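> A single structure is presented below for examination.
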């Protein structure tokens with residue numbers, strides 16, 4: 051994981067300013083590491099204590115028995131420069147700085163931030179933050195955060211989420227957990243005095259356990275780096291979805307006051323990502339919609355969309371939206387239509403969208419056959435199935451979708467409106483195993 055391995059997958063963690071009260075901000079990281087089962091070495095640092103939570107507590111960085119891979123800095127802003135210098139002298143490789151009071155607070159804070167950044171550059175110590183919530187590597191139980199998200203379950207999954215906002219990023223992560231998306235990484239970059247969004251996202255996409263990258267941006271300092279990141283993601287075959295605020299002058303001003311970063315013009319951002327394979331989401335819910343699909347499906351080989359629906363109206367809506375987004379509602383081959391005619395009721399529709407009506411409730415084989423036939427058409431590169439409710443038929447439908455997954459060479463998406471909770475849970479389990487279908 052290049053030069054950020056110590057930050058993202060440390061073998062040892064020092065906690066500067068650690069508290070014996072494990073519910074305080076400077077005590078929560080230690081509690082999370084212990085509760086979640088982090089397997090590396092943990093070194094609390096605080097001259098007030100001899101032990102914390104059964105661990106020996108060291109009076110200062112110089113007294114540590116080894117140079118830690120990662121240090122969590124949870125001390126007031128005025129003490130951060132000295133802490134960073136001490137870590138650099140001890141040979142630490144990376145640090146997460148929770149402390150606020152830097153560039154987001156004005157010129158005095160900006161001077162402090164410049165000072166710690168200079169120390170980092172001179173020593174090779176990589177800094178995440180300041181003014182950040184830190185990070186979670188759920189694969190290795192690295193819980194280097196004080197954020198509320200870590201209070202709940204943090205099972206690993208195929209999504210890497212990098213955010214410039216701590217609180218709002220936590221809200222997005224919580225929504226992702228409700229959807230059972232599985233965040234392998236949650237990383238808040240804060241003020242980005244050293245490590246920035248582009249560098250972190252590139253590093254986590256290099257992890258073979260990650261299938262899709264998701265990001266929340268308030269500003270981009272390195273447009274060329276973002277372009278290179280997009281190219282790298284395409285090379286890896288890992289889609290990248292971003293939502294960026296600051297589309298207006300008022301939003302850009304608010305973003306600058308939040309992290310001290312300049313948002314830049316939205317037109318420039320759009321120009322950078324256009325044609326690079328980055329999916330831009332309108333907001334956090336749209337971002338998670340995109341990630342939910344891309345995290346479970348393999349990438350299609352073209353733009354051709356095949357729609358199978360229980361509702362003619364839903365088919366029309368999807369056809370409209372597909373064309374608006376640059377997808378092609380495929381013209382089904384005559385042979386495909388002929389085969390569909392043999393299985394679809396006379397009051398259904400064999401064109402694309404294919405309307406199989408509610409008749410499939412009485413004959414589930416109708417849904418199975420129709421989706422298989424549509425996916426076999428050479429102009430169809432990805433299929434989408436639309437249905438609603440169906441509380442009494444969860445077992446039957448899940449079995450049908452699993453059978454399609456087992457044999458389909460193309461990705462398909464299940465859009466199940468008002469799906470029962472059991473259907474969502476079971477569908478996510480199936481899609482995670484097969485990597486082809488996703489309920490949304």
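Numbering (the working numbering), first residue to last: 51 to 490.
We put the beta carbon where it would ideally sit given N, CA and C, even for glycine.
Quantities reported herein were computed from a predicted structural model and do not represent experimental measurements.
Which residues in the same chain have their Cβ closer than 7 Å to the Cβ of residue 354, if we skip the five residues on either side of it in sequence?
Around residue 354: 378, 380, 429, 430 and 431.
> I believe residue 237 touches residue 83 by the beta-carbon criterion, under 8 Å. Please report the beta-carbon distance rounded to the nearest angstrom.
Contact flag wrong, Cβ pair sits at about 16 Å.
> Is DSSP giving residue 75 helix, strand or coil here?
Reduced to three states, the DSSP call for residue 75 is helix.
> Look up residue 208 in the DSSP assignment and say whether it is helix, strand or coil.
Three-state result, residue 208: coil.
> Does DSSP put residue 60 in a helix, in a strand, or in coil?
It is coil, neither helix nor strand.
> So, with DSSP's three-state summary, where would you put residue 431?
In this structure, residue 431 counts as coil in the three-state DSSP scheme.
> Nearest-angstrom Cα distance between residue 136 and residue 74?
Using only the alpha carbons, I get a separation of about 24 Å.
> By the DSSP assignment, the beta strand (DSSP E) with residue 288 in it spans what residues?
That residue, residue 288, is in no beta strand (DSSP E); it is neither H nor E in DSSP.
> Would the stretch 179–192 count as touching the stretch 224–244 if we require 3 or more Cβ pairs under 8 Å?
Yes, they touch.
> Give a yes or no on contact between the stretch 262–280 and the stretch 201–215, applying the rule of three or more CB pairs nearer than 8 Å.
At 8 Å Cβ cutoff, the stretches touch.
> Ignore the nearest five residues each way along the sequence and tell me which others in residue 506's own chain have a CB closer than 7 Å to its CB.
Because the chain here runs from 51 to 490, residue 506 falls outside it and cannot be looked at.
> Can you have a look at residue 163 and say buried or exposed, based on whether 16 or more other CB atoms are within 10 angstroms of its CB?
Buried, since its Cβ has 16 or more Cβ neighbours within 10 Å.
> Can you tell me the Cβ-Cβ gap for residue 276 and residue 176, rounded? I've got them flagged as a contact below 8 Å.
In fact, because the Cβ distance is near 19 Å, the residues do not count as touching under 8 Å.
> Tell me, which residues are paired with residue 194 by DSSP?
Answer by DSSP bridge pairing, in chain order: 185.
> If I follow the unbroken beta strand (DSSP E) through residue 243, where does it start and stop?
Run containing residue 243: none; DSSP gives neither H nor E here.
> Near residue 458, which residues of its chain fall below 6 Å by C-beta distance, leaving aside the five closest residues on each side in sequence?
Result list for residue 458: 425, in chain order.
> According to DSSP, simplified to helix, strand and coil, what is residue 40?
The structure shown does not extend to residue 40, since the chain is modelled only from 51 through 490, so no value can be given for it.
> Would you say residue 170 and residue 122 are within 9 Å of each other, going by their C-beta atoms?
No, the pair does not count as a contact, with Cβ atoms beyond the cut-off.
> Taking residue 180 and residue 152 to be in contact with their CB atoms under 8 Å, please state how far apart those CB atoms are, rounded to whole angstroms.
With 8 Å as the limit, residue 180 and residue 152 qualify as a contact, their Cβ atoms being about 5 Å apart.
> Quick one: residues in its chain with C-beta nearer than 7 Å to the C-beta of residue 223, no 5 flanking neighbours on either side, listed in chain order?
Contacts found: 199, 211, 233 and 236.
> According to DSSP, is residue 463 part of a helix, a strand, or is it coil?
Here residue 463 sits in strand by DSSP.
> Starting from residue 95, trace the beta strand (DSSP E) both ways and give me its first and last residue.
Start and end: 91–95.
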